[in-house]
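Beneath this line is the structure, given in structure tokens, with notes to follow.
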Amino acid sequence: MKEINIGILGLGTVGIGIVQLLKKRQAKIKNIYGVHFNLKTIAVRDVNKKRNVELPANTKLCDDDSKVIDDPDIQIVIEVTGNVDGAYHAIQRAMQSGKSVITANKEMLASHINDLNTIAKNNQVNFFYEASVAGGIPILRVLSESILTDSFEQVNGIINGTSNYILSEMLTNQADYHQVLEAAQQLGYAEANPRNDVKGYDAAYKLSILSYLIFGQFLPVSKIRLQGIDQISIEDLKAAQNDGYKIKLIANLKRKHKQLTASVVPTAIKKDEQLANVDGVQNAIQVTSDALGRTTYTGAGAGSLPTANSVLSDLIASANTETNGYSMALQNDNNNDYQIIKNGGKSQYLIIIHLRDNQINSVAKLESIQKIKFDNISTMMTNEISYPELQLLLKKIKNHVHPGTIVHAFPIFKS
């Protein structure tokens, strides 16, 4: 029986889920993998804070990261603090101390994944981060191990459970954005400060990680076309539904020759498309590759236990992987140098205008408009146009309507 000492940095929602799941699965892990994980130390900011979790009898709780990082008996460190700079430095120190590391910290990885993979390799330790993307869907392991010899063309999907829950509930219950956001916060699906989720940053961090993993290309979030869901109203969702579409926050990463385009934007999807029917906190990722064509992976994208389950999978993988600088990134693709085009490609757009039809007659005559539908909320569909052409069209539309009129444009999803 192999015994491995582990330490955890952070005991928030995910950290508690890890402790609970490890306790529940310990016997099964022993029987199947012949490994016992001894949770030796957990470092937190406040040891006196009440937490709804029972720690193992021999586990120490402390407020000093070095009690985990510098302990020579601890072999694997799990980082789930949610901090960015502090987490990066803690992981760096842990690796330099000869410890393998598991993290779920997507925001930190979006800035430092390249550095940390190099540090892991130089120090001959393992580095796993399955839980950083899509919660309970083991997408990174599928990409890095199961189909690593394939050539990838595109990855897209719903990779933020909070925004998907909000849009789903708004439409199902005909509810206002702020009402649903408050409910999501009460259920624990949204943070007290929901900025990263509703502004699209959370999905952008994950897209950055996916870019590094499958294309070997570091993708700064600043290079991703980004738009959140916080300006979308129930009227927008109903207007789209009347035209046969659902609005979803879609992350898209596409390769064409030596160019990459990346976006996280609310997108109009035909109601019979698979992604249109992924609701609540569920995530779905579609991968298009040379050999397999399109494959789709769905599962829970939010919550402590789905994320904790991914961490536990990484823990088992690290225990059963030779400590030699293993990283999840595709080693055979890491020398690629792509040009990143922030607003590349062309799309059709569903444009929704909040006004009466007697104010919009002249808009129908504008270039690039393919068809238009009049109602209390007017909708129109464009030809296939570039992003700069869209901006020019929106400017023209706003010149034909009253000042302050709300105009939203949603790219139409291509299957």
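Residues 396 to 810 (this note's numbering) make up the sequence shown, in order.
All C-beta atoms, glycine included, are put in the ideal place defined by N, C-alpha and C.
7 Å CB neighbourhood of residue i in its chain, flanking five on each side removed
{"i": "A712", "result": "F523"}
{"i": "S658", "result": "I619, R620, N647"}
{"i": "S558", "result": "D592, V593, I624, L644"}
{"i": "G417", "result": "Here residue 417 turns out to be Leu, not Gly, going by the sequence shown. Same-chain partners within the cutoff: F432, L434, L707."}
{"i": "A804", "result": "Y744, I746, L785, L789"}
Residue i to residue j span [Cα, whole Å]
{"i": "Q726", "j": "T690", "result": "Residue placement at Q726 cannot be trusted, given a pLDDT of 47 that sits under 50; the coordinates are not used to answer."}
{"i": "L450", "j": "K397", "result": "22 Å"}
{"i": "V472", "j": "N715", "result": "15 Å"}
{"i": "N637", "j": "P701", "result": "35 Å"}
{"i": "N738", "j": "V616", "result": "13 Å"}
{"i": "Q580", "j": "H652", "result": "42 Å"}
{"i": "E668", "j": "G639", "result": "11 Å"}
{"i": "N509", "j": "S546", "result": "21 Å"}
{"i": "G583", "j": "A570", "result": "19 Å"}
{"i": "Q421", "j": "S606", "result": "34 Å"}
{"i": "K494", "j": "N518", "result": "9 Å"}
{"i": "N672", "j": "D458", "result": "44 Å"}
{"i": "A452", "j": "N443", "result": "17 Å"}
{"i": "K423", "j": "A598", "result": "33 Å"}
Residues near residue i in its chain [Cβ-Cβ closer than 8 Å; skip 5 each side]
{"i": "Q574", "result": "none"}
{"i": "L576", "result": "I561, A585, P589, V593"}
{"i": "K455", "result": "K435, T436, I437, K462"}
{"i": "D728", "result": "Low local confidence applies: a pLDDT of 47 at D728 is under 50, so the model's placement there is unreliable, with the coordinate-based value given in what follows. I609, F610, G611, listed in sequence order."}
{"i": "Q491", "result": "I514, N518"}
Proximity test, residue i beta-carbon vs the ligand GTP heavy atom, cut-off 6 Å
{"i": "I746", "result": "As far as ligands go, the structure on display features none, and thus does not contain the ligand GTP."}
Same chain, Cβ closer than 6 Å to residue i, five either side skipped, listed in chain order
{"i": "Q415", "result": "none"}
{"i": "L566", "result": "L632"}
{"i": "V475", "result": "G405, V409, G410, A499"}
Contact check, residue i vs residue j, beta carbons under 7 Å
{"i": "L504", "j": "S539", "result": "no"}
{"i": "N809", "j": "S781", "result": "First, the residue type needs correcting, since residue 809 is Lys and not Asn in the sequence shown. Contact: no."}
{"i": "N704", "j": "G531", "result": "yes"}
{"i": "S773", "j": "T408", "result": "no"}
{"i": "E525", "j": "L511", "result": "no"}
{"i": "V660", "j": "I748", "result": "no"}
{"i": "I664", "j": "L655", "result": "no"}
{"i": "I469", "j": "N400", "result": "yes"}
{"i": "A489", "j": "V479", "result": "no"}
**Prompt:** Is there contact between the stretch 666 to 679 and the stretch 689 to 704, where contact requires at least three CB pairs shorter than 8 Å?
**Reply:** yes
**Asked** So, do the stretch 546 to 565 and the stretch 733 to 744 have three or more beta carbon pairs nearer to each other than 8 Å?
**Response** no
**Message:** Check whether the stretch 460 to 469 and the stretch 431 to 442 touch, using three or more Cβ-Cβ pairs below 8 Å as the test.
**Reply:** yes
**Asked** Is the stretch 627 to 636 in contact with the stretch 587 to 607, if contact means three or more CB pairs nearer than 8 Å?
**Response** no
**Request:** May I ask you to verify whether the stretch 597 to 604 touches the stretch 644 to 653, counting CB pairs closer than 8 Å and requiring at least 3?
**Result:** yes
**Prompt:** Is there contact between the stretch 604 to 620 and the stretch 559 to 566, where contact requires at least three CB pairs shorter than 8 Å?
**Reply:** no
**Request:** Let me know the alpha helix (DSSP H) ranges lying completely inside the stretch 544 to 590, each 4 residues or longer, listed in chain order.
**Result:** 556 to 568, 572 to 582
**Item:** Complete runs of the beta strand (DSSP E) confined to the stretch 413 to 469 [at least 3 residues]
**Value:** 430 to 438, 455 to 457
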